Amino acid sequence: ETGVTQTPRHLVMGMTNKKSLKCEQHLGHNAMYWYKQSAKKPLELMFVYNFKEQTENNSVPSRFSPECPNSSHLFLHLHTLQPEDSALYLCASSQDRGQGNEQFFGPGTRLTVL
Amino acid sequence: AQRVTQPEKLLSVFKGAPVELKCNYSYSGSPELFWYVQYSRQRLQLLLRHISRESIKGFTADLNKGETSFHPKKPFAQEEDSAMYYCALSTRRHAGNMLTFGGGTRLMVKP
């Protein structure tokens, strides 16, 4: 598959569960991003990785734990989430660190926390 | 801190009418502005970036640094333009391309 893929597409979990979201990009990019899209808020940047190094953590609670084993894969590990964490989680990638470089988005994972 | 404002949550126009989306930003550095679009059941994708000055799907926009605005316009709206539109400001911090998004504008083009 080309572009940016995300699995699973839908996830329902309880507050005590541990789950992981996966993102994979097939574009040869070296920067990857996690965003959160809630119903009533603008799209929010959560984490930035560049060449597998986390370069930004946008004040995200520790119950969200990112992992970037290589430039093509990005994970978001979830544990003891709250109902307000229910949202669409988007992964994106871009080439290099250029300010004007386009970000390519995945389809998102719709997360529901019960 | 940077901020992006899209004052209209919903914009409704008739097919063939002109349409202008609005975006205002605040940023103390040198801004790079983008518009992303999300059509129904599709992923977010780039529509415009101010540095390239291209016309994509009939939309054109100029960055107005004096008014800190980046408003794309299209002279004749089409039904297929109906979508969610997001303005985004790119900033450089440490490394990586940081995007700050506006709240989005839903454009509805009526037949």
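Chains A and B, in that order, are what the protein sequence lines are. Taking the working numbering, the leading residue of the first sequence gets 749, the next gets one more, and so forth. Taking the working numbering, the leading residue of the second sequence gets 321, the next gets one more, and so forth. Note that beta-carbon positions come from the ideal geometry of N, C-alpha and C, so glycine has one too. Because the structure is a prediction, the values reported are computed rather than measured.
Any C-beta of chain B under 8 Å from that of residue i
i, result
"E850 (chain A)", "yes"
"L838 (chain A)", "yes"
"P790 (chain A)", "yes"
"G854 (chain A)", "yes"
Rounded C-alpha distance that separates residue i from residue j
i, j, result
"R426 (chain B)", "E801 (chain A)", "35 Å"
"K784 (chain A)", "S332 (chain B)", "27 Å"
"V357 (chain B)", "L364 (chain B)", "6 Å"
"S807 (chain A)", "S813 (chain A)", "12 Å"
"D401 (chain B)", "G378 (chain B)", "10 Å"
"R858 (chain A)", "W355 (chain B)", "23 Å"
"Q745 (chain A)", "P817 (chain A)", "Within the shown structure, residues of chain A are numbered from 749 to 862, placing residue 745 (chain A) beyond reach of any answer."
"T388 (chain B)", "H370 (chain B)", "12 Å"
"L759 (chain A)", "N805 (chain A)", "23 Å"
Test item: CB-CB of residue i and residue j under 8 Å
i, j, result
"T411 (chain B)", "Q322 (chain B)", "yes"
"F852 (chain A)", "L838 (chain A)", "no"
"L383 (chain B)", "L353 (chain B)", "yes"
"A403 (chain B)", "Y359 (chain B)", "yes"
"F823 (chain A)", "K788 (chain A)", "no"
"F421 (chain B)", "V324 (chain B)", "yes"
"E815 (chain A)", "H827 (chain A)", "no"
"L366 (chain B)", "E850 (chain A)", "yes"
Where the beta strand (DSSP E) through residue i begins and ends
i, result
"Y783 (chain A)", "A779 to Q785"
"Y837 (chain A)", "A835 to S842"
Chain A within 8 Å of residue i, Cβ atoms only
i, result
"R426 (chain B)", "no"
"L364 (chain B)", "yes"
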